[in-house]
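Note sheet for the following structure.
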Amino acid sequence: MEFSLSDYLTRIGWPHAVPQPGVSTLRELHLRHACAIPFENLDVLLGRTVHIDQTALFAKLVHARRGGWCYEQNGLFQQALEALGFEVESLAARVVMAGPATMPPRTHRMLCVTFAAERWLADVGFGGASLSTPIRLCAGQEQRTAHGLYRLDNTPEGWLLLAHQHNAWQRLYLFDESRAYFSDYLMANHFVSTWPDSHFLRHLMVSRWLTDGGQLRLLNCRLTRRAPDGSEAEQTLTPEQVFRSLKQDFGLCLDHAQYGIRLQELQSVLKRCG
Numbered sequence: 099m100e101f102s103l104s105d106y107l108t109r110i111g112w113p114h115a116v117p118q119p120g121v122s123t124l125r126e127l128h129l130r131h132a133c134a135i136p137f138e139n140l141d142v143l144l145g146r147t148v149h150i151d152q153t154a155l156f157a158k159l160v161h162a163r164r165g166g167w168c169y170e171q172n173g174l175f176q177q178a179l180e181a182l183g184f185e186v187e188s189l190a191a192r193v194v195m196a197g198p199a200t201m202p203p204r205t206h207r208m209l210c211v212t213f214a215a216e217r218w219l220a221d222v223g224f225g226g227a228s229l230s231t232p233i234r235l236c237a238g239q240e241q242r243t244a245h246g247l248y249r250l251d252n253t254p255e256g257w258l259l260l261a262h263q264h265n266a267w268q269r270l271y272l273f274d275e276s277r278a279y280f281s282d283y284l285m286a287n288h289f290v291s292t293w294p295d296s297h298f299l300r301h302l303m304v305s306r307w308l309t310d311g312g313q314l315r316l317l318n319c320r321l322t323r324r325a326p327d328g329s330e331a332e333q334t335l336t337p338e339q340v341f342r343s344l345k346q347d348f349g350l351c352l353d354h355a356q357y358g359i360r361l362q363e364l365q366s367v368l369k370r371c372g
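Start counting at 1 in the sequence shown, then tack on 98, and there's your number in the working numbering.
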């Protein structure tokens with residue numbers, strides 16, 4: 099299924115005519131995408147191959163109204179930005195938020211968008227810590243998105259993205275400005291889909307930003323609702339409630355012929371994830 103800009107704009111709830119490139123357009127596109135298309139790793143938990151070619155991204159995230167992870171989310175977002183005339187560079191990052199003992203591989207897909215000689219970090223695919231709006235690629239400046247406070251530090255290993263969470267700065271990922279190619283993403287996508295220690299194979303993870311400034315996060319059967327003021331409320335769900343939440347809270351279509359998910363399949367996933 100070929101990419102359709104009008105269908106993408108409908109998917110993210112774009113209320114205007116086809117926009118012209120600009121910083122305000124980039125911000126609103128980023129925010130609407132982050133609020134409309136959830137991060138989720140259901141397919142890999144179901145043993146399905148996650149295809150990241152352009153045709154598959156559009157078919158799954160737009161036509162079938164599913165979500166996806168970084169290779170899918172930022173791949174689709176890049177298609178939309180380029181269709182609108184933005185200059186976009188593909189980048190790859192090393193995720194360091196868990197404090198790894200050794201330097202991890204480049205397994206995260208993100209984007210650098212240039213407009214009017216100014217560069218912006220765009221990332222709609224980093225799960226619950228994703229940017230909801232882009233930030234400037236500049237060092238040491240605290241930058242507020244629609245949902246949080248972020249900072250980029252210039253380190254010997256390259257750029258370090260940090261998020262202000264729970265009254266402290268948390269390291270998210272390291273990256274440099276060397277171009278990443280589709281083959282790099284193919285390798286990384288295969289690695290995180292098959293490596294036995296991949297957390298994507300151990301936990302169901304779903305998240306999306308809300309237009310009111312809040313957020314929804316699902317970790318296995320635990321649903322967390324973050325209010326705009328930062329307060330959080332947790333609820334433990336049954337598998338049946340998780341199934342309903344995926345449809346009602348996260349807006350996922352689960353009855354598509356190719357990309358749908360049955361309750362029995364979800365129950366099996368949740369039992370395995372504990």
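Just so it is clear, CB atoms sit at the ideal spot from N, CA and C, and this is done for glycine as well. Values in this document were obtained by computation on a predicted structure and should not be read as measured data.
Cβ-based neighbour list, residue i, same chain, cut-off 6 Å, excluding 5 preceding and 5 following
i	result
Arg324	Gly312, Gln313, Glu330
Leu322	Note on residue identity: the sequence assigns Thr, not Leu, to residue 322. So the qualifying residues of the chain are Arg315, Glu330, Glu332.
Phe298	Asn139, Val142, Val290
His206	Cys168, Ala191, Val193, Tyr271
Counted within 10 angstroms of its Cβ, other Cβ atoms place residue i as buried (16 or more) or exposed
i	result
Pro171	The question names Pro, but residue 171 is Gln in the sequence shown. The residue is buried, with at least 16 neighbouring Cβ atoms inside 10 Å.
Asp221	buried
Ala132	buried
Pro294	exposed
Leu103	exposed
Val148	buried
Met208	buried
Arg277	exposed
Gly226	buried
Met201	exposed
Arg130	buried
Gln176	buried
Ser228	buried
Ala286	buried
Ser281	exposed
Ala178	buried
Leu189	buried
Residue i, DSSP secondary structure in three states
i	result
Thr336	coil
Arg320	strand
Glu100	coil
Tyr248	strand
Leu209	strand
Ser276	coil
Gln118	coil
Val160	helix
Glu363	helix
Met303	strand
Ala227	helix
Ala215	coil
Gln171	helix
Gln176	helix
Contacts around residue i, its chain only, beta-carbon distance under 7 Å, and the 5 residues preceding and following it disregarded
i	result
Phe341	Leu361, Leu364
Gln268	Met195, Leu260, Ala261
Thr334	Cys319, Arg320
According to DSSP, residues forming a beta bridge with residue i
i	result
His262	Trp267
Glu138	Val304
Ser188	Leu209
C-alpha gap between residue i and residue j, whole angstroms
i	j	result
Arg164	Pro136	8 Å
Thr212	Glu338	45 Å
Pro232	Leu219	6 Å
Arg146	Ala115	37 Å
Thr243	Asp310	13 Å
Leu344	Thr336	12 Å
Leu250	Trp112	29 Å
Arg370	Arg217	43 Å
Asn318	Ala162	23 Å
Glu255	Arg306	30 Å
Arg234	Ser366	43 Å
Val121	Arg109	21 Å
Arg125	Ala134	14 Å
Leu107	Asp347	21 Å
8 Å CB neighbourhood of residue i in its chain, flanking five on each side removed
i	result
Leu247	Glu240, Gln241, Ala261, His262
Glu185	Val211, Thr212, Phe213
8 Å Cβ cutoff, residue i in contact with chain D
i	result
Val116	Judged by its chain identifiers, the structure shown contains no chain D, having just a single protein chain.
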